[in-house]
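Student: Got a structure here, written out as structure tokens. Questions coming.
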Amino acid sequence: MNNQPESDWKLKLRFGKITTSFNHYTILVDGRVHDKTKFSLDFDGPAIMALKIWAESSDEAFSIASDIGPRVGFEVAGRSQVYETDPEEPPEDIPHAYGINFTSYNEDD
Numbered sequence: 005m006n007n008q009p010e011s012d013w014k015l016k017l018r019f020g021k022i023t024t025s026f027n028h029y030t031i032l033v034d035g036r037v038h039d040k041t042k043f044s045l046d047f048d049g050p051a052i053m054a055l056k057i058w059a060e061s062s063d064e065a066f067s068i069a070s071d072i073g074p075r076v077g078f079e080v081a082g083r084s085q086v087y088e089t090d091p092e093e094p095p096e097d098i099p100h101a102y103g104i105n106f107t108s109y110n111e112d113d
């Protein structure tokens with residue numbers, strides 16, 4: 005991340021002083037945590053993986069999330085939801101993800 009205060013890059017992005025070909029997305033992916041050690045989680049099993057992504061399209065955002073899943077001990081196994089959202093980190097020169105988070109749930113619910 006750059007050294008600019010958060011409000012500076014957000015204002016510059018909003019008013020076109022910073023430009024990017026990427027859109028910002030938040031994606032929620034249903035699946036299973038099968039290696040809780042990757043993120044020091046205290047559970048294995050069904051979970052929602054949430055992450056924020058700078059990408060050219062929602063399809064690319066889903067592809068990035070699908071690629072990240074196995075690398076962080078998560079098996080994509082259900083529905084995905086993609087939303088255009090406001091960023092919390094500035095864009096970079098390449099598509100990227102950040103803010104990965106997992107929420108477990110009980111399959112019986």
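Residue numbers (the working numbering): 5 to 113.
All C-beta atoms in this analysis are idealised placements derived from N, C-alpha and C, irrespective of residue type, glycine included.
#1: State buried or exposed for A69, treating a residue as buried only when at least 16 other CB atoms are found within 10 Å of its CB.
#2: Can you tell which of T89, E60 and G49 has the C-alpha that lies nearest to the C-alpha of D112?
#3: Between A101, R83, E79 and G82, which lies nearest to E60 when the distance is taken from Cα to Cα?
#4: Am I right that S108 and L32 are in contact with their C-beta atoms under 8 Å? What's the rounded C-beta distance?
#5: What are the boundary residues of the alpha helix (DSSP H) that includes P74?
#6: So, with DSSP's three-state summary, where would you put L15?
#7: Run through the DSSP bridge pairs and tell me what H28 is partnered with.
#8: What are the partner residues of R83, as DSSP defines its beta bridges?
Tutor: According to the data block:
#1: Here residue 69 refers to the residue found at position 65 of the sequence shown. Buried is the call here.
#2: Locating residue 112 in the sequence shown gives position 108, counting from the first residue. That would be G49, whose Cα lies nearest to the Cα of D112.
#3: Working through the sequence shown from its first residue, we reach residue 60 at position 56. Selected option, being the one with the closest Cα: A101.
#4: Residue 108 sits at position 104 when you count from the first residue of the sequence shown. Residue 32 sits at position 28 when you count from the first residue of the sequence shown. Contact doesn't hold; Cβ gap of about 14 Å is too wide.
#5: In the sequence shown, residue 74 corresponds to position 70, counting from 1. Note, P74: alpha helix (DSSP H), S62 to R75.
#6: For the purposes of this step, residue 15 is identified with residue 11 of the sequence shown, where counting begins at 1. If DSSP states are grouped into helix, strand and coil, L15 belongs with the helices.
#7: For this step, residue 28 is matched to residue 24 along the sequence shown. BP columns for H28 point to W58.
#8: By 1-based counting over the sequence shown, the position of residue 83 is 79. DSSP, once it has assigned bridges, lists no residue as partnering R83.
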